[in-house]
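Residue numbers (the working numbering), protein chains in the order written: chain Y, 1 to 274; chain F, 1001 to 1354.
Backbone N, C-alpha and C fix where the C-beta goes; we use that ideal spot for every residue, glycine too.
This report refers to the structure that appears directly beneath it.
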Amino acid sequence: MSQSAARSVIPGFGITLGFSVLYLSLLFLLPVAGLVLFTFKMTWPEFWAAVSHPQVVASYKLSFLASFIGASINAVFGTLTAWVLVRYTFPGKKIVDALVDLPFALPTAVAGIALVTLYASTGWVGHYLDLFGIRVAYSEIGVVIALTYIGLPFVVRTVQPVLADFEKELEEASAALGASRLTTVRRVILPAILPALLTGYALAFARAVGEYGSVIFISGNMPYKTEITPLLIVAKAEQYDYNGAAAIGVVMLAAAFILLLMINGLQWWASRRG
Amino acid sequence: MSISIEQVNKRFGNFVALDNVNLAIKTGELTALLGPSGSGKTTLLRIIAGLEQADSGIIRFNNEDITGQHVSERGVGFVFQHYALFKHMTVSENVAYGLTVKPKKFRPSKAEIAKKVNNLLELVQLGWTADRYPSQLSGGQRQRIALARALAVEPKMLLLDEPFGALDAKVRAELRRWLRRLHDEIHVTSVFVTHDQEEALEVADRIVVMNKGRIEQDGTPEQVYDNPANPFVYEFLGNVNLFHARVKQGQSSIGDLQVPSPEYTNSEEQDGLAYVRPHEIDVFNLPQPDAIKVKLDLVTIVGPAVRLEVLAESDQQLIHIEQPKEQFKQLNLKQGDTAWILPRYTKVFLGEGI
C-alpha cells in the first residue's frame, strides 16, 4: 500500500485517510458508540423489557411501516417530479425546482404545524376529506403524509441528474426497434435510473425513520396508535429514563442499519450491470 | 423497399435544416448522404426514420405515404454514431431486444429468439461476446452489435447515422469494408450519413451530396467524383487547387496556359474558376511548353506519397501537388529547386465560384 501510495499521481493517502477517520469518529462513531455503551448499564432483562414493551413495539411498527410507505410514495412521485423538471420547459420551472428543496430548509416543526392546519378536519383539505370519512390529522395517514413530505427532495435530487444525463439516443433506439413508449420506460429508462432511485429511496427512508418534528404535530401521539419511536425516545429522555431511551435508540439503529444495508446491496446489484 | 422523399422542409427556429428536398432511393441500394456538418444530412435521415417530423412534405416507403407513422411502426433499423446500446443488458439481450418487445402474438418463442440472436452474432463475427456487457467491448465491436440489434427485427431498411464517426482510423476503414460486404450479402436498402468523402466513395452505390439543406448532386461515386456538378461538390470531394481563368469560346486561359473547355463553346469572354486536383498535376525538372514555372517551397513525404507545396513564379500562388514517392524520386528534385508543372485535368466553372 505504501508503495502504491508513493507512486500515485495525487499524494496524501495517509493524511486524508487519517483525517477522515478522525472526523468520522468525532462526529459519528463516538456518539453511536456512546449510545451503545449507555445500554450496557442495563441488565439484559431490563434492556429486553424496555425495548419489547407493547407500546414501544407498536411504535416500531408505525415508524418503519410509515417510513416505508412514505419512501415508496416518494420513489414514484419523486421520479415523476424529476422527469418533469428534466424533460420539459414551462414557465416557473426554476421556482418549482427550488421549491423541491424546501423540506430541507424549513424547520420541521413549521412543516408539521402547516400540515395539521391543512389536513385537520377543519382545514382546507381535511375539510373535504372529512366528507368522505377520511381522517388524516391525528391518524396513521397523517404520519405517512408528514414522512412523505420530508423525504421528497432525496428522491428528486438523486434521480434528476441521472435523468438529465440519460442519452436520448437510447430511447430513440428502443422506439426504432418497435418498442412502445411504456415498454421503453419500463425496459430502458427505469433500469438506467434504478441505482439512483434506490439511493434516493434509501435516503428518504432513513430520513423518515429518524424524523420527529413534523410528525408529532399531525400524528396526535396516541399511545399504541399514532406514536412514532423517536417520540418515545424523547418522552423517555424527558423523564430522565436515559437507559430506556438509549435501549430503544439501539434497536432503531440496528434496524435502520440492516435495512439500509439491504437497500445498498440492491443498489450494488443494480449498478453492477453496465 | 424504396424510399421516396417529396418536397420535405424542416426548420429549427430560424435555421433551415432542409430546404425543399426531393430524393428517391431504390430498393437494395446503399446510399450515402454526404455533406459538411449543418448540411441537413442527419436531419433527413432522422425524418426518414421517423425520429424527427418534417414541417412539410411527404415520405413514402414503396409508394405508401408513411409521413405520419411513428418510428416504432416504420420497421426501420437505425444505427447511431455512439452505438446507443443498452448498458444494463448483455450483448445477446441487446440484440434480442427488438424481438422481445413485440406484442405477444407476434413474438417468436424463446428458442427462436435465441437462435436468431446467435445467427446475427455470427453474422457480425462476435458470437463470443453474447454474455458480455457493452462496456466490455471496443468501439468497433459495439457498433457491430448495434448493427446486429438493428437487423434482428428484419428491418425494411437500414439507416446509419455516421456509423463509424466515433472510431479510430484503422477500425473505421476495416468496418466500412465490412459493411460493404455485409450489404452485398443481405441487400437491405441502406442509407448512411457521413461527412467523410472517402468513406462515401468507398462504401456507397450512390452518393447524395448535401449542403445547406439542399441536395447539390446525386449519382454514383464515379459520376460524383469525376463530374462534380458544381464548385461545392468539387471542393468537398477532395483537395483542390483554384486558379482564376478567363473563359472564351471553348477555351480557358489560366495565366499563359490554355485548356480546352468544350462545355463553354458558345460563351462570351468571362471570368471563371479552374479546379485542379493535387494528384492531377505533372511535375517536370526541365522547361516544358506552356508549363508553369514554380519553386518547390515544401516537400513532405507521407508514406508512399509525396506532398509538394509549390509557389508559381509569376504571381506567387500556392499550389498543392501530390505524387507517388517513386515518381518524384526519379525527378531528382529537392526543396528549394525550380520545377515546371502542367495540370493533366482541369475543370472550369463560370463565375467567381463559391
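Quick one: give me the first and last residue of the beta strand (DSSP E) that residue i is part of.
i         : result
Y/Met262  : Unbroken run through Y/Met262 is the alpha helix (DSSP H), Tyr242 to Arg272; no beta strand (DSSP E).
F/Thr1031 : Leu1030 to Leu1034
F/Ile1215 : Arg1214 to Gly1219
Y/Phe132  : That residue, Y/Phe132, is in no beta strand (DSSP E); it is neither H nor E in DSSP.
F/Gln1143 : Unbroken run through F/Gln1143 is the alpha helix (DSSP H), Gly1139 to Ala1152; no beta strand (DSSP E).
F/Ile1025 : Phe1015 to Ile1025
F/Gly1272 : Gln1270 to Val1276
Y/Asp97   : Unbroken run through Y/Asp97 is the alpha helix (DSSP H), Lys93 to Leu99; no beta strand (DSSP E).
F/Pro1324 : Leu1318 to Pro1324
F/Pro1343 : Thr1338 to Pro1343
F/Leu1175 : First-last for F/Leu1175: Ala1169 to Ile1186, but that is the alpha helix (DSSP H), not the beta strand (DSSP E).
F/Pro1260 : Leu1257 to Pro1260
I need the boundaries of the alpha helix (DSSP H) containing residue i, first residue and last residue.
i         : result
Y/Glu140  : Glu140 to Asp165
Y/Ile69   : Pro54 to Arg87
Y/Ala235  : Thr229 to Glu238
Y/Gly18   : Phe13 to Leu24
F/Asn1285 : Element bounds for F/Asn1285: n/a, residue is neither H nor E.
F/Arg1132 : No alpha helix (DSSP H) contains F/Arg1132, which DSSP labels as neither H nor E.
F/Val1091 : Val1091 to Thr1100
Would you please state the rounded distance, in angstroms, between the beta carbons of residue i and residue j? I believe it to be under 8 Å.
i         : j         : result
F/Glu1199 : F/Arg1176 : 6 Å
F/Val1209 : F/Leu1179 : At roughly 20 Å, the Cβ-Cβ gap does not stay under 8 Å, so F/Val1209 and F/Leu1179 are not in contact.
Y/Gly151  : Y/Tyr119  : With 8 Å as the limit, Y/Gly151 and Y/Tyr119 do not qualify as a contact, their Cβ atoms being about 17 Å apart.
Y/Ala247  : Y/Val51   : 5 Å
Y/Thr276  : Y/Ser59   : Here chain Y covers residues 1 to 274 and nothing more, so residue 276 of chain Y does not appear.
F/Glu1006 : F/Gly1057 : 6 Å
F/Asp1218 : F/Leu1045 : Actually they do not touch by this definition, with Cβ atoms about 15 Å apart.
F/Ile1047 : F/Val1008 : 6 Å
F/Asn1285 : F/Ala1229 : With 8 Å as the limit, F/Asn1285 and F/Ala1229 do not qualify as a contact, their Cβ atoms being about 37 Å apart.
F/Val1171 : F/Ala1148 : That belief does not hold up - the Cβ atoms of F/Val1171 and F/Ala1148 are roughly 17 Å apart, past 8 Å.
If you measure between the beta carbons of residue i and residue j, is that distance less than 9 Å?
i         : j         : result
F/Gly1351 : F/Gln1270 : yes
F/Pro1134 : F/Leu1085 : yes
F/Val1240 : F/Glu1216 : no
F/Pro1324 : F/Asn1211 : no
Y/Ser219  : Y/Ala146  : yes
F/Gln1258 : F/Ser1267 : no
Y/Ala176  : F/Ala1017 : no
F/His1320 : F/Glu1313 : no
Y/Ala208  : Y/Phe166  : no
F/Gly1040 : F/Gly1213 : yes
Y/Met252  : Y/Gly210  : yes
Y/Gly112  : Y/Phe217  : yes
F/Ala947  : F/Arg1181 : Residue 947 of chain F falls outside the range modelled here, since chain F spans only 1001 to 1354, and no answer is possible.
F/Leu1158 : F/Val1101 : no
F/Val1306 : F/Glu1322 : yes
F/Gly1140 : F/Leu1167 : yes
So is the beta-carbon of residue i under 8 Å away from any non-hydrogen atom of the ligand ADP?
i         : result
F/Glu1322 : The ligand ADP is not part of the structure shown, which contains no ligands of any sort.
Figure out for me which residue from the options has the closest Cα to the Cα of residue i.
i         : options                                       : result
Y/Pro153  : Y/Val100, Y/Pro107, Y/Phe166 and Y/Val36      : Y/Val100
Y/Leu278  : Y/Met222, Y/Ala270 and Y/Ala206               : The displayed coordinates of chain Y run from 1 to 274. Any statement about residue 278 of chain Y would go beyond what the structure contains.
F/Ile1003 : F/Thr1189, F/Gln1327 and F/Glu1313            : F/Thr1189
Y/Phe104  : Y/Ser271, Y/Ser214, Y/Gly265 and Y/Gly244     : Y/Ser214
F/Glu1122 : F/Leu1201, F/Glu1162 and F/Val1095            : F/Val1095
F/Ile1145 : F/Ser1092, F/Glu1174, F/Ala1114 and F/Leu1044 : F/Ser1092
F/Leu1023 : F/Ile1059, F/Thr1194, F/Gln1223 and F/Thr1042 : F/Ile1059
F/Tyr1083 : F/Arg1142, F/Glu1268, F/Lys1110 and F/Lys1295 : F/Arg1142
F/Leu1201 : F/Leu1237, F/Leu1182, F/Lys1170 and F/Arg1172 : F/Leu1237
Y/Tyr201  : Y/Glu140, Y/Val185, Y/Ser180 and Y/Gly70      : Y/Gly70
Y/Leu232  : Y/Ala75, Y/Phe28, Y/Pro54 and Y/Ala33         : Y/Pro54
F/Gln1069 : F/Gln1053, F/Val1299 and F/Ala1173            : F/Gln1053
Y/Ala82   : Y/Ser180, Y/Val156 and Y/Leu129               : Y/Val156
F/Ala1097 : Y/Phe19, Y/Met222 and Y/Gly178                : Looking at the sequence shown, residue 1097 of chain F is not Ala but Tyr. Answer by Cα proximity: Y/Gly178.
F/Val1348 : F/Leu1296, F/Tyr1264 and F/Arg1172            : F/Tyr1264
F/Leu1311 : F/Gly1336, F/Pro1287, F/Gly1139 and F/Gly1303 : F/Gly1336
Y/Val56   : Y/Gln239, Y/Ala235 and Y/Gly92                : Y/Ala235
Y/Lys61   : Y/Glu140, Y/Leu203, Y/Arg181 and Y/Ser180     : Y/Glu140
Y/Phe77   : Y/Tyr88, Y/Tyr149, Y/Thr16 and Y/Thr89        : Y/Tyr149
F/Phe1192 : F/Lys1026, F/Leu1034, F/Asn1020 and F/Met1001 : F/Leu1034
At least one CB of chain B closer than 9 Å to the CB of residue i: is that the case?
i       : result
Y/Leu99 : Note that chain B does not occur in the displayed structure, where the protein chains are Y and F.
**OP:** Decide if the stretch 1060-1076 of chain F is in contact with the stretch 1152-1169 of chain F; the criterion is three or more beta carbon pairs, one per stretch, under 8 Å apart.
**Re:** yes
Original post:
Counting pairs of beta carbons, one from the stretch 1235-1245 of chain F and one from the stretch 1325-1336 of chain F, are three or more of them closer than 8 Å?
Top reply: Put simply, the stretch 1235-1245 of chain F does not touch the stretch 1325-1336 of chain F. Fewer than three CB pairs are less than 8 Å apart.
Subject >> Given 8 Å, three or more beta-carbon pairs between the stretch 1098-1113 of chain F and the stretch 1123-1130 of chain F >> reply: no
Original post:
Does the pairing of the stretch 1337-1347 of chain F with the stretch 1263-1282 of chain F give three or more beta-carbon distances under 8 Å?
Top reply: yes
**OP:** Give a yes or no on contact between the stretch 185-202 of chain Y and the stretch 159-172 of chain Y, applying the rule of three or more CB pairs nearer than 8 Å.
**Re:** yes
**OP:** Decide if the stretch 260-270 of chain Y is in contact with the stretch 1012-1030 of chain F; the criterion is three or more beta carbon pairs, one per stretch, under 8 Å apart.
**Re:** no
**OP:** Tell me, please, whether the stretch 232-245 of chain Y touches the stretch 37-57 of chain Y by the rule of three or more beta-carbon pairs shorter than 8 Å.
**Re:** Segments in contact, yes.
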